[in-house]
Each structure stands twice: as C-alpha cells, then as structure tokens.
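Below is one structure, written out as structure tokens; comments come after it.
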Amino acid sequence: MAVNLLGLDIGTTGCKALIFDSDGALLAKASREYAVSFPRPQWAEQDMEAVWRLAQEAIREALAAAGVKEIAAIALSVHGEAVTPVDGAGRPLRPTILGMDTRTGAQNDYLRERFGGEALFQRTGMPIHTINTLPKLLWIRQNEPEIWQTAEKFLLVEDFLIHKLTGQAVISDCLASRTQLFNLTQGDWDEEILSDLGLDPARLAQIRPAGAPAGTLKPELASDFGLLRPPLVVTGGHDQACGALGVGSTTPGIASVSTGTAEVVELALASPNVSQPLYQGNLSVYRHVVPGLFLAMTLNHSGGLSLRWLRDTFCEPQIAQAAQTGADAYDLMVSGAPAGPTGLLVLPHFSGSGTPTFDTQSKAAILGLTFSHDRPALAKAFLEGLTYELRLNLDLLRAGGAQIDVLRAIGGGAKSKLWLQLKADMTGIPVVAPKITEAAGFGAALLAGVGAGVFLSAAQAANRFLQLTETYLPDPARQAAYERLYQLYRQVYPAVAPISHQLS
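For the sequence shown, numbering that gives the first Met the number 0 begins at 0 and goes up steadily by one.
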C-alpha cells in the first residue's frame, strides 16, 4: 500500500509544498512567494518568520488539495548559505543574511590572509566568496557584537525550519558542507575554523546524514495541517543536490544541468575532488544527499535571466504572439535562426561572471554583429553564449580528472529542444531531459521516504522512478563547427575584461 511523503522546496523568493506517494506520483502541490529586501548596497536579507508562515500555508493547501490526512515523513530542499541568528526559542534576532548578499569583502580578505584560499578550499570544498556562511558570521561578530553574544544559535534555512517543525535544530551534512565551516573529509564542523571564529559548535545545528530522522512534527502543527498523527521530519539538503537526486545523478559521471534564473551544473563525484583546476575555477565541492558521494558545482549567474532580458527588451512581438497563441515566447524568438552556428560570440556576463572566473566587474559583450544578422540569429547567439560558458566549466571539471558521461537537463531551459541539441553539439556530451519537473522537491520527498523506511536508499528510489524523454546526441558536423568557434570564445573574456572593468 502506497504511503504519502511531503517534499518542501524552499527557494530564495518562493516555496513549494509537494505531496508524492511512494510510487513516485505527484498528488498535489502548492506554492507561495515572499520578498527579499535590499536595505543597503550589497545587502540582501529576508524575514525568515514570514518564510515560515508562508511555508505553512503552502503545506496546508497542498495537503488539502491531495485529500491527504496522513503522511509518513517530511523533508526539505533549501537554498544554501543564508544564516539567521536566533534566541533560545528559535526566534530570529535579525533578518536572515542571504547567500546573494555581498557585504563580506573585508571578511574574505581576512580569511584569505588567515588560512589561504587554496588551503581553505581543500579543507571545506568552498572557494573564498561572499556567498559563504563563514564570512557572514565574521561580519556579524565584527559589526553586531550584541547579537553575536546573545544568539543561542546560528541557523541555516533547513535547520531553522526543522527547529520550527520539531523543536530540534538539525542540519543535513549536505547543507552543512555548503557553509565553509564544515571539514569535508572529517564530516563534521571544522574545529580550527570554529576556534578562529570564536564559535562554540553547540551554537550550530547538530549534523546528521541526509535522509536521517531529525524529529517528529509538533502535534499542534500536525493538527493545524489537518493530519491525523504527526509524521517524521527527515533531513533533506541543498536544493541543487536534491534536484540532482531527483534526476538520478546518483553515480559518478552523471551531471545535472539546472537552467532557471541561473544555470548550475552538479556533477556526482566518488570522492571530494579539491584539485588545483577546480580551485582555480572557483568551483565548490560538497557532500551529496546520496551517502558516500560528493558534488562539484558550477554556476552561471546570468543563465535564463539573460534570455528574459533579451525577450523583455527586444521581443515584444514574440511576447504578444505567445499570449495570443499559447506558444512559448522563447521558441518564437529563435524561430527562423540558422541551423548551424550564428557566427556571433555573446559573452553573457550581464551580472558579472560565474565560474570559472567569478569576476563581479565583467560585463556582457556581443562580437561579430553585421547587417546580415536578425533577431532570431541574435536570440540563438545568446543560447550559444550560455552554452560556451557551460563548456568552459565542463572542461574545467574534466581537467580536474572528473568523468562526465551524460548531462541531465532540468529547469526552464530543458523545455527548449533547440537548446538541448545545442548543448549536445557544443559540449560533445549526450543530453537527456528527464520527465520530472519538480526535481528538487521530488528529491526531498525521496529523502523523506528513506528516513521513514519506505525506501532502502535514495539512489535506488530515484533510479526506480526516473523517466527519461528524448536523448540528444552530438552531431559530428555541428560539433566540429562549434569547436572552432569555442576556441575563439575562450579568448573573448581575457580580451575585453580590461575594458569592461573601466566601464561603470
């Protein structure tokens, strides 16, 4: 008899509650959006109590829509790095400092001098960057000493919400390993880093493996949600790792490519690869939600956001046509584009660059424009530019000794057959689009099932339910044509960076 599982997917700007049964079927889902505040330049904060209230609303709505009165377990898929100081009752003492917050430049300078960038990467798997939790804690200690002294604990999103659900502050080893406070090989909070920070590990959440029981839902919450009895609450993990699980990235060599606002690659590794190429490319390496595996993560900030900018700025006719016909505006934008390479090189650094350069001052550029190019060609050139960036990161992973056998595409970008074929042609790697559309929430639900004893392992469950659609194989002729242009593309950033750095 099938039992029900709840995956709670907490993103930066919204959350989803998804009810699955133990046969992998999505029974119902509900979502809510919430705000990010930018009170000062470089600051990005959030009211975590508001997130909690809206997450409860989504849970109630999803359960009601599914007609479900019993669930076996709940697990969370969450965005990483954000930190919240809380009092003894778990109430925030200040707004949450989000991962996108970039106020910690001075703190990163200290970490670079104190530990050394490469040494810190080899210990924690995280390159020095403003996204990390460690420099955010340093900032609080230096700039808000009263909060630093009075906070009972410093919690990330998963452990904050697990505390709300159960009264216990518990975090998955997956999410803990995104903080730069976690020793990647020892599998626990790093004693030397915490000692330097002046932070007792008791002021952080207790670490448990992903898919492990964290507690039981508070009875009053179970009643409020309309449940007959309190279910188990289970550790989940970082949203990208849960998404990788959801598409079956459960053995080395299988990479997931998630294309939404940003584009993220998650490659499963058998061991923590903290090699020189990955360090130089600013990649992060952390624990997978699949026991014994690790993930290498690349990031392109612009991703789908650059395509949205192109659509909204230059493609009003396509937007109107899409509204009238129900067609996809992005498909209309590239309709009529040349079958092969456009001959254009688009550097898609609209909000700086992601990996491998992590240059916040880099700007976008378009090279090769002539009067013969039209709007469809330009739209396709944007797809090519984003895929050149993908290739840069995949080459970096391979230079570090990683094996990449297949790319499994998820997110909004996976809806475009043209783009999926481009990715195959330009990387030389087969691309597959799994049928699942809610990969992160599904991955969390699978972990809930592991914790409740419904599944023997997360990997086994993911592969059991995995449904693949079309496979896109590299076309040899197009691959050769793009290879020549890729070698030119590699020269674009070094050539234009000195100029773009001088532009305001």
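Here a beta-carbon is modelled for each residue, glycine too, at the ideal position from N, C-alpha and C.
Per DSSP, PHE454 is not a residue of any beta strand (DSSP E), being assigned neither H nor E. According to DSSP, residue pairing for TRP188 in a beta bridge involves PHE181. As computed with DSSP, CYS314 is found in no beta bridge at all. Apart from the 5 residues on each side of it in sequence, VAL256 sits with its Cβ closer than 6 angstroms to the Cβ of VAL264, LEU406 and ALA408 in its chain, given in chain order. Under DSSP, the beta-bridge partners assigned to SER171 are ARG207. Remark: C-beta atoms of THR83 and LEU154 approach each other more closely than 7 angstroms. For LEU417, no beta strand (DSSP E) encloses it; the enclosing alpha helix (DSSP H) starts and ends at 416–426.
Following the DSSP letters along the chain, one finds VAL333 inside the alpha helix (DSSP H) bounded by residues 328–333. By the neighbour-count criterion, in which 16 or more other beta carbons inside 10 Å mark a residue as buried, PRO316 falls on the exposed side.
Beyond the five residues adjoining it in sequence on each side, GLN360 comes within less than 6 angstroms, by CB distance, of HIS500 in the same chain, given in chain order. Here the alpha carbons of ALA211 and ALA363 stand approximately 44 angstroms from one another. Here ALA88 carries a coil assignment [DSSP, helix/strand/coil]. Rounded to whole angstroms, the Cβ separation of ARG397 and TYR485 is 14 angstroms, and the two are not in contact under 8 angstroms. CA-CA distance, ASN3 to ALA496, rounds to 52 angstroms. Around the beta carbon of GLN45, a 10 Å sphere encloses 16 or more other beta carbons of the protein chains shown; the residue is thus reported as buried.
With contacts defined by Cβ atoms closer than 7 angstroms, PRO473 and ALA423 form a contacting pair. Straight through space, the alpha carbons of GLN55 and LEU62 are spaced by roughly 11 angstroms. When C-alpha distances from PRO144 are compared across ARG228, LEU366, LEU183 and LEU196, the shortest belongs to LEU196. Under the Cβ criterion (8 angstroms, minimum of three pairs), the stretch 36–53 does not count as touching the stretch 175–186.
Spatial neighbours of PRO218 in its own chain (CB-CB distance under 7 angstroms, excluding positions within 5 residues in sequence) are listed in chain order as PRO229. 7 angstroms or more divides the Cβ of GLY280 from the Cβ of LEU97. Counting of Cβ neighbours within 10 angstroms places LEU160 among the buried residues, the total reaching 16 or more. In this chain, the alpha helix (DSSP H) harbouring PRO375 covers 374–398. Short of 6 angstroms from the beta carbon of ASP172, and not among the five residues preceding or following it, lie these beta carbons of its own chain, in chain order: ILE206, PRO208 and ARG286.
If you compare the alpha carbons of GLU482, PRO493 and LYS68 with that of LEU421, the shortest gap goes to GLU482. According to the DSSP assignment, VAL491 belongs to no beta strand (DSSP E) but to the alpha helix (DSSP H) extending over 491–499. Judged by DSSP secondary structure, SER350 falls outside any beta strand (DSSP E); it is assigned neither H nor E.
In the three-state DSSP reduction, ILE161 falls in the helix class (H, G or I). The continuous alpha helix (DSSP H) containing GLY104 extends over residues 104–113. Within a 10 Å sphere around the beta-carbon of ALA326 sit fewer than 16 other beta-carbons, which makes this residue exposed.
In this structure PHE357 does not touch SER305 by the C-beta definition: roughly 17 angstroms separates them, more than the 8 angstroms allowed.
Secondary structure note for ARG202: it is in no alpha helix (DSSP H), with a DSSP letter that is neither H nor E.
Per DSSP, reduced to three states, the secondary structure at LYS152 is strand. In the DSSP assignment, LYS15 falls within the beta strand (DSSP E) that extends over 13–20. Residues PHE120 and ASN281 of the same chain have their beta carbon placed closer than 6 angstroms to that of PRO126, with the five preceding and five following residues left out of the count. Around the beta carbon of LEU455, fewer than 16 other beta carbons sit within 10 angstroms, so the residue counts as exposed.
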